[in-house]
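Everything on this sheet refers to the single structure shown next.
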Amino acid sequence: MSDSFYFKSKAPAVVAIVSDYERRLSEMRQQAVGFGHLFGGAAAIMVDLSRHYVGGIKLNGVSDPNPHWKRADDHGYRQLRSKAIVPKGAPKVESKAIRIEHERLLQLWLQSYPARVDRLGPWDQLGVNNGSIMMCGGVMFEHNGTAYFNLGFAINQEEDLQKRAAGKPSYGWIDQAEEITATDYRAAGQAKYALAKEVQS
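FYI, in the working numbering the residues of the sequence shown are 1243 to 1443.
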């Protein structure tokens, strides 16, 4: 985000939305670790405009072409093929074994794939324009009963009310939001990170 605007809110409903989003994201990250281990590798959590998701697995000792896995991307992560690629001329016994193994891998992938986490839903619940989030960006976190926000655009309650009344698009508004400095925002983020490290140690 080129321009950043920082806000906080202690409104219970706002804090609950942010906390739930963080909880689901944390659960997905934990599940991704186990998901990668199921295939003998490390899962990659990726982000696009609307969601967090597992985008592939980094596997060691896998050569190309591989009957089960697509070629690795620039970061070394692979996707499981939807259908096995059996080498031309492979004996029937080998072909059958490849297909059986691929079905096992495919079922394991489908049954264990971590749930994607929606990025835009929480902003919509908060009352912030999703289009503005996609264009300009936004970050949220909760610490000690307060929700903190870093937005690529400014929000203003009076302006939001006026635009809504006139039927015009608005950046939106977060209940009980108050603007804070970048220093205050970063201090809260650092305190949250330090607390998380303390809990893990």
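Positions of the beta carbon are idealized from the N, C-alpha and C atoms, including for glycine.
How big is the Cα-Cα spacing for residue i and residue j?
i               : j               : result
isoleucine 1416 : glycine 1387    : 16 Å
alanine 1326    : glutamine 1418  : 54 Å
lysine 1434     : glutamate 1336  : 53 Å
glutamine 1272  : glycine 1409    : 43 Å
lysine 1300     : tyrosine 1319   : 4 Å
glutamate 1400  : arginine 1293   : 31 Å
aspartate 1262  : glycine 1331    : 53 Å
cysteine 1378   : proline 1333    : 55 Å
methionine 1376 : proline 1329    : 43 Å
valine 1381     : serine 1246     : 10 Å
alanine 1258    : isoleucine 1287 : 24 Å
arginine 1323   : arginine 1341   : 12 Å
asparagine 1372 : glycine 1303    : 42 Å
By the 10 Å Cβ neighbour count, where 16 or more other Cβ atoms means buried, how is residue i classified, buried or exposed?
i             : result
arginine 1265 : exposed
valine 1260   : buried
leucine 1393  : buried
alanine 1438  : exposed
proline 1307  : exposed
Assuming residue i contacts residue j (C-beta within less than 8 Å), just tell me the rounded distance between them.
i            : j            : result
leucine 1280 : leucine 1352 : The Cβ separation is near 12 Å, so there is no contact.
valine 1289  : proline 1356 : Not a contact, Cβ separation roughly 14 Å.
- Message: Tell me whether the stretch 1338-1347 and the stretch 1363-1373 touch, counting them as touching only if at least three CB pairs, one residue from each stretch, are closer than 8 Å.
- Response: no
- Counting Cβ pairs, one atom from each stretch, are 3 or more of them under 8 Å apart for the stretch 1382-1399 and the stretch 1251-1259? yes
- What are the start and end residues of each continuous beta strand (DSSP E) run of 3 or more residues lying completely inside the stretch 1389-1428, in chain order? Runs of the beta strand (DSSP E) inside the stretch 1389-1428: 1420-1422.
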